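Chemist:
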Amino acid sequence: MEAFDIFDTVARLREEGAPFCVATVVRTADVTSAKAGAKAAVTEHGEIIGHLGGACVKRAVKEAAVAALVAATPRMIRVKPSDKVVSLLDPDGVQTFKSGCPSGGTVDVLIEPYQQAQRLVIFGDTPIAQSVAAHATLAGFRVCRGDEGVGQIEARDFVLVASQGQRDSDALRSALETPARRVSMVASRKKAAVLCDKLIAAGLAEAKVARLKSPAGLDIGAVDPHEIALSILAEIIQWRRADKAELGEGSDEKLA
Numbered sequence: 002m003e004a005f006d007i008f009d010t011v012a013r014l015r016e017e018g019a020p021f022c023v024a025t026v027v028r029t030a031d032v033t034s035a036k037a038g039a040k041a042a043v044t045e046h047g048e049i050i051g052h053l054g055g056a057c058v059k060r061a062v063k064e065a066a067v068a069a070l071v072a073a074t075p076r077m078i079r080v081k082p083s084d085k086v087v088s089l090l091d092p093d094g095v096q097t098f099k100s101g102c103p104s105g106g107t108v109d110v111l112i113e114p115y116q117q118a119q120r121l122v123i124f125g126d127t128p129i130a131q132s133v134a135a136h137a138t139l140a141g142f143r144v145c146r147g148d149e150g151v152g153q154i155e156a157r158d159f160v161l162v163a164s165q166g167q168r169d170s171d172a173l174r175s176a177l178e179t180p181a182r183r184v185s186m187v188a189s190r191k192k193a194a195v196l197c198d199k200l201i202a203a204g205l206a207e208a209k210v211a212r213l214k215s216p217a218g219l220d221i222g223a224v225d226p227h228e229i230a231l232s233i234l235a236e237i238i239q240w241r242r243a244d245k246a247e248l249g250e251g252s253d254e255k256l257a
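Below you can see the structure in the form of C-alpha cells.
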C-alpha cells in the first residue's frame, strides 16, 4: 500500500475542479489523537480525506468547511471540552465547538477553501466583448464565450450579453435561462426593456428577466471599447465582493 500524501490528494481534487477545503491542525493542548501539522482535505460533500483526530473534531471541521466554501474565505476553529466552552467565540476571536471526546484535549484547526475562479460567460463577438474578455482574464475570471460555457454556469458566475445587434434576442434569452445570479447587457435601458418584453410574451419567466442589469457597467463616462470594458468589469468585481461579504456575514450565524 502506498503511503498517503495529502498533497497528492489536493492535486487530484484541484484537477477534478470540484470545491474543497484543506484543514490543518495548527495547535493542540492536552491529549489529542491528532498533532500540530496534521492535514486533511474536506470535499464539498463532507468527506474527510486524511487524519485530523476524533469524531468531535471531524464534526466541527465538516461544519466549518461548509461555511468556508459558502463564504469563500478561510477560518480558524477551536474544538475543546464542553465544560471549558464559555462562548461560541473565544477572546481571541476563534470560533469554538464543544467536544465530548474523553481525551479532553483542545485542537485549533485552520480551514482553507479552494474553488476554481468564477466564470464570466460573454455572448457576442464585438469589440466590447473582446475587450471585456481580455480584461477579465487579467482579473482572474474564467472567460467563456457564449454557448460554450452555458452548460457549466453556476449561480456564482456572471453572464454578459455584448452582442450589440448580433442576434440580441437569442443571446439574451440564453443568458437569462442560465442559473447565474448576475446577468448584464450592453444596451440602452429602452432597448433592453423592449427585448425583455418580447421574451416574456414568448413565455420566459418574469423572475428570470428581472435579474437583468442594463446598461452594463458603472457610469464612469466611458467611450471607447476598452473604457466600457473596464466599467463593466468594475461592476462585476463590485458584485463579486458584495456577494462574498453577504455570504460571509450569514455564515457565522448558521454556525452559531
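Using our numbering, you'd call the opening residue of the sequence shown number 2 and step up by one each time. Beta carbons: idealized from backbone N, C-alpha and C, even for Gly. What you are looking at is a predicted structure, and each value in this text was computed from that prediction instead of being measured.
Could you work out which residue in V32, A188, L205, A203 is closest to A163 when comparing CA atoms only?
Modeler: Answer by Cα proximity: A188.
Chemist: Along the chain, where does the alpha helix (DSSP H) containing I201 start, and where does it finish?
Modeler: Per DSSP, I201 belongs to the alpha helix (DSSP H) from 190-202.
Chemist: Which ranges would you report for the alpha helix (DSSP H) in the region 96-122 if only whole runs of at least 4 residues count?
Modeler: The qualifying runs do not exist here; there are none.
Chemist: Taking the Cβ atom as the reference point for each residue, do L231 and L196 lie within a distance shorter than 8 angstroms?
Modeler: No, the Cβ-Cβ distance between L231 and L196 is not below 8 angstroms.
Chemist: Using only the alpha-carbon positions, how far apart do F124 and A72 sit?
Modeler: Answer to the nearest angstrom: the Cα atoms are 28 angstroms apart.
Chemist: Apart from the five residues on each side of it in sequence, which residues of its chain come closer than 6 angstroms, Cβ to Cβ, to L121?
Modeler: Excluding sequence neighbours, L121 sits near A137, F142, V144, F159.
Chemist: If I follow the unbroken beta strand (DSSP E) through I49, where does it start and stop?
Modeler: From DSSP, the beta strand (DSSP E) with I49 extends over 49-51.
Chemist: Provide the residue span of the alpha helix (DSSP H) that contains S185, from first to last.
Modeler: Where S185 is concerned, there is no enclosing alpha helix (DSSP H), although the beta strand (DSSP E) it sits in stretches over 183-186.
Chemist: Which term fits P92, buried or exposed, when burial requires 16 or more other beta carbons within 10 angstroms of its beta carbon?
Modeler: Counting Cβ neighbours within 10 Å, P92 comes out exposed, since fewer than 16 surround it.
Chemist: Taking the Cβ atom as the reference point for each residue, do S175 and D148 lie within a distance shorter than 8 angstroms?
Modeler: Their beta carbons are under 8 angstroms apart, which means S175 touches D148 by this criterion.
Chemist: Taking its Cβ as the centre, do 16 or more other Cβ atoms sit within 10 Å of V87, making it buried, or is it exposed?
Modeler: Exposed, by the Cβ-count rule.
Chemist: The beta strand (DSSP E) spanning I7 covers which residue range?
Modeler: Careful: I7 lies outside any beta strand (DSSP E), inside the alpha helix (DSSP H) at 7-17.
Chemist: If we count the other Cβ atoms within 10 Å of its Cβ and call it buried at 16 or more, is Q153 buried or exposed?
Modeler: Answer is exposed; the Cβ neighbour count stays below 16.
Chemist: Taking all protein chains shown into account, do 16 or more other C-beta atoms lie within 10 angstroms of the C-beta of Q119, making it buried, or fewer, making it exposed?
Modeler: With 16 or more Cβ atoms within 10 Å of its Cβ, Q119 is classed as buried.
Chemist: If I measure Cβ to Cβ from K36 and keep anything under 7 angstroms in the same chain, skipping five residues before and after, which residues do I get?
Modeler: Within the same chain, K36 has close Cβ partners V26, T29.
Chemist: Exposed or buried, what is L14 when buried is set at 16 or more other beta-carbons lying within 10 Å of its beta-carbon?
Modeler: That one is buried.
Chemist: Give me the Cβ distance between G94 and S83, rounded to the nearest whole Å; I'm assuming they're in contact under 8 angstroms.
Modeler: Between S83 and G94 the Cβ distance is about 20 angstroms, and since that is not below 8 angstroms, they are no contact.
Chemist: Could you give the DSSP three-state label for L219: helix, strand or coil?
Modeler: Reduced to three states, the DSSP call for L219 is coil.
Chemist: Please name the residue, chosen from S170, K214, E228, G54, that lies closest to V32 on a Cα-to-Cα basis.
Modeler: The shortest Cα separation from V32 among S170, K214, E228, G54 belongs to G54.
Chemist: How many angstroms separate the CA atom of A69 from the CA atom of E207?
Modeler: The alpha-carbon atoms of A69 and E207 are separated by roughly 33 angstroms.
Chemist: Keeping to the same chain, check which residues put their C-beta closer than 6 angstroms to that of I237; ignore five residues upstream and five downstream.
Modeler: Excluding positions up to five away in sequence, the list reads F159.
Chemist: Contact check, A19 vs V62 under 8 angstroms by CB: the rounded distance?
Modeler: Not a contact, Cβ separation roughly 18 angstroms.
Chemist: For the region 131-186, list the alpha helix (DSSP H) runs that are entirely contained and at least 4 residues long, ordered along the chain.
Modeler: Taking only runs of at least 4 residues, the alpha helix (DSSP H) segments lying wholly in the region 131-186 are 169-177.
Chemist: Per the DSSP calculation, V1 is bridged to which residue(s)?
Modeler: Past the edges of the chain, shown from 2 to 257, lies residue 1, and the structure says nothing about it.
Chemist: For P128, which of helix, strand or coil comes out of DSSP?
Modeler: The answer is helix: DSSP assigns P128 an H, G or I state.
Chemist: Does the Cβ of K191 have 16 or more other Cβ atoms within 10 Å, making it buried, or fewer, making it exposed?
Modeler: Burial call: exposed.
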